[in-house]
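Each remark here refers to the structure printed beneath this line.
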DNA sequence: ATTAGCACTCGAGGCGGTCGAGTGCTAGCA
DNA sequence: TGCTAGCACTCGACCGCCTCGAGTGCTAAT
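Residue numbers (the working numbering), protein chains in the order written: chain A, 1 to 363; chain B, 1001 to 1363.
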């Protein structure tokens, strides 16, 4: 049951207006700015019908209409205009990535920062799919006489450096042997496959038990998503710039959600397959008591490997066209970055080439 | 020019009341609850005098008095009652530290979390004095054919693992040699001493240039306090529970300050020598435009080495006795933790032994 | 199907009045 | 000289009332 194109136009007008002004719109205003060929009375009739259908509501009798979450869904799926980044926005993105990028964590932070800066919303970025990474080598490095550092190298990058204590004492030979045995035992496996430490341990001498236990513990913690350090939020304070959080109670609920950022991970992990994800309101009431909001994320990948997600979190009323174009462009930029491990090189600015070379300035 | 003990009692009453209720106090109330031997009229005279002296103000004519920052300073320095932790609070601290503590970062996070939970304020913890750490060894670990991991071990713990790319190719021998030369070149020096890379580099073969440059870059970044990852905030949302930030503009200013947490570092680094630090309002207007607030921090150390600070940030009106007792106790607890590198051992609960075994419950 | 016209609704905001907590001041008392 | 009782005064908080105007729903005409 499709809506008439006139109804769709009206919904688009209401959503557009609300995104920009955060105010209800009246029938007269719709007529003047979007549908001058009709009278306000006709539009009123349509508005009443759309309200009946669940797309619009009025805050109180005798006020204009505002969109429901349903109207937003229709908007982002069908009605929304596609826009491109302005020159200034492109410049901002380049500025963040046109510098030394030595570690994967830096990419994470840069991504979050630039998204937050351009959209003026709170942004979130996190690494995922680490449990799918394939272990390449395991290195055991002597730190002190009784402690070693364990470095696990995967095709996603360095996984984690854990330390283990070796009561019997550490020698260089011990480390070399331990590295060899560990690599032999774990190499070639995915992180998620490591569930049977005993089997593995039985295959090697007992003297490496401590190290193996530590490795398994680290891997398991990744496989079970207990690691919270790899989620980054930027611009939490920006949430307060949104008029919907002018109410202190709502602002507080939102900030508490952001404070417990690890709780966001399961929400973000929904719809893993989509390259672009838009969760609106009731959709993400996975977490009960979660304040009304929308989350827009995009998957991003380096060298073709999907390494994480980044996006924004904000009120349902957000500038979806802008957010989506920003996420899209940043995804492309990141995908062209050289391998994060590779160290010191300067990254060339990535050109955003499309059919139209000149990005339109919206407005 | 000391104040009369009666004046001091009145200041204490005003501050106490304001800390608990965040409301002005009237002369009658002071009489009833703190100085029943006097009449309210006498107290009014004293209040007027104290207002003249800059310790008190009234929000408007015909309202009670509230303390100025000056009154708070007097309060924390002289008047404040000392209290001890309640059983519940002790239990909370133990719960956080009575678990595996494998890395220094975990201590940092746990400290921040427990402080925030007990005080119900936003807490801050950060590592400092890294530039004073003495480099023990430098390890170069082969990751791929063209990339190595550099691990710098100091007496404060592992400093940083950076990666460097080696265009000429990496072999195990190369790494072993590089480790030996790097340790030779940097070992025994403080992080802050590494300022002349060229001199150092000239002493070794050119093939290690890439590695040495990376090491120097890492060390310099620490020496110049460019590293921001080692400051942790917990409970940012709790700032909104304080009535002084019920005003949205103030709340926003505060949250923006917390968002840019690296900007807090210079503020925290003042008065480095003090074991306990209380910054109130004008004191920390080092950062101009910084919202009115108070910061209370304590230095903490592991194995006698001062490794950082932790504390709270909140409105000037905060429960100083509670905050100070919490920071004091946590400092003692951390100091008894085993060396962070040492890995896997379970930490025994640390008992808080004092003359009085039973901590008083403060009302 | 659309539209002009009109009565109706309802929140925003200004105004005035009451209430009461708390003060400053003055005069009197020890 | 220091303290206190008494009293007039101040001022924000709160309440109810009113007006204003934007915007609607409905009806009748085209």
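Idealized CB from N, CA, C, for every residue including glycine.
- Taking the Cα of residue 107 of chain A as reference, the smallest distance to any Cα among A/28, A/300, A/14, A/83 is reached at A/300.
- Shown here for residue 1012 of chain B: same chain residues with a beta carbon closer than 7 angstroms to its own, the five before and five after excluded, namely 1075, 1079 in chain order.
- Going by DSSP, residue 140 of chain A is part of the beta strand (DSSP E) stretching over 135-142.
- For residue 1256 of chain B, the neighbours in chain A by C-beta distance under 8 angstroms run, in chain order, 237.
- Taking a beta-carbon distance threshold of 7 angstroms, residue 252 of chain A counts as an interface residue toward chain B.
- Residues of the same chain with a CB within less than 7 angstroms of the CB of residue 331 of chain A, apart from the 5 flanking positions on each side, are 298, 300 in chain order.
- For residue 259 of chain A, the closest Cβ of chain B is nearer than 7 angstroms.
- In the DSSP assignment, residue 123 of chain A falls outside any alpha helix (DSSP H) and within the unbroken beta strand (DSSP E) covering 122-127.
- With a threshold of 7 angstroms between beta carbons, residue 1021 of chain B makes no contact with chain A.
- The alpha-carbon of residue 317 of chain A is positioned some 8 angstroms away from that of residue 22 of chain A.
- For residue 1236 of chain B, the CB contacts under 7 angstroms within the same chain, skipping 5 residues up- and downstream, are 1122, 1255, 1258 in chain order.
- From the beta-carbon of residue 1139 of chain B, the residues of chain A found nearer than 7 angstroms are 141.
- In this structure, DSSP gives residue 1308 of chain B an extended state, which the three-state scheme calls strand.
- Neighbours of residue 1151 of chain B across chain A, judged by C-beta separation under 7 angstroms: 141, 149.
- Of the candidates B/1119, B/1110, B/1061, B/1082, B/1119 places its Cα closest to the Cα of residue 1088 of chain B.
- Classified as exposed, residue 1275 of chain B has fewer than 16 neighbouring CB atoms from the shown chains inside 10 Å of its CB.
- Fully contained in the segment 6-80 of chain A are the following alpha helix (DSSP H) runs of length 4 or more, in chain order: 27-33, 40-52, 69-74.
- Per DSSP, reduced to three states, the secondary structure at residue 1299 of chain B is strand.
- Around the C-beta of residue 277 of chain A, 16 or more other C-beta atoms lie within 10 Å, and the residue is accordingly described as buried.
- Under the Cβ criterion of 7 angstroms, residue 1108 of chain B is not counted among the residues facing chain A.
- Residue pairing by DSSP places residue 165 of chain A opposite A/147 in a beta bridge.
- Taking the beta carbon of residue 240 of chain A as reference, the chain B residues within 8 angstroms of it are 1248, 1251, 1252, 1255, listed in sequence order.
- For residue 277 of chain A, the uninterrupted beta strand (DSSP E) run begins and ends at 276-280, by DSSP.
- Boundaries for residue 1257 of chain B: no beta strand (DSSP E) harbours it, while the alpha helix (DSSP H) harbouring it runs 1248-1259, taken from the DSSP string.
- If you look at residue 234 of chain A, you'll find it in the beta strand (DSSP E) that goes 231-234.
- For residue 1179 of chain B, the enclosing alpha helix (DSSP H) starts and ends at 1172-1186.
- Residue 1313 of chain B is bridged by DSSP to B/1122, B/1295.
- In the structure shown, residue 190 of chain A adopts extended strand secondary structure according to DSSP, grouped into three states.
- The three-state reading of DSSP puts residue 1116 of chain B in helix, counting H, G and I together.
- For residue 1087 of chain B, the three-state secondary structure derived from DSSP is helix.
- Going by DSSP, residue 325 of chain A is part of the alpha helix (DSSP H) stretching over 320-335.
- Selection A/66, A/261, A/243, A/144 evaluated against residue 174 of chain A yields A/144 as nearest (Cα-Cα).
- Of the candidates A/55, A/166, A/296, the residue whose Cα lies closest to the Cα of residue 15 of chain A is A/55.
- A buried status is given to residue 116 of chain A, since no fewer than 16 other beta-carbon atoms sit within 10 Å of its beta-carbon.
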